[in-house]
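Numbering (my numbering), first residue to last: -9 to 72.
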């Protein structure tokens, strides 16, 4: 197998849906992640949206790996107790 070859999306059902969704969200996520941390020369003013907390970033990462979960499964996955 050629290591630079991209896997055929037909061989992985749902791969195209995931790829399309990530491609749609990536610009927003990149901006949010960039603005969430201070950068030299930008001053210390907070980002307009308040930045992402570590917990919010955990939620984004969890949902990127577990599509179609219920709220209960989501809470359990993040170890949120009632």
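All C-beta atoms in this analysis are idealised placements derived from N, C-alpha and C, irrespective of residue type, glycine included.
- Residues 64, 67, 68 of the same chain have their beta carbon placed closer than 8 Å to that of residue 52, with the five preceding and five following residues left out of the count.
- In its chain, beyond the 5 residues on either side, no residue has a beta carbon closer than 6 Å to the beta carbon of residue 23.
- Residue 16 is not a Cβ neighbour of residue 50, given a cutoff of 8 Å.
- Nearest to residue 46 by alpha-carbon distance, out of 13, 14, 70, is 70.
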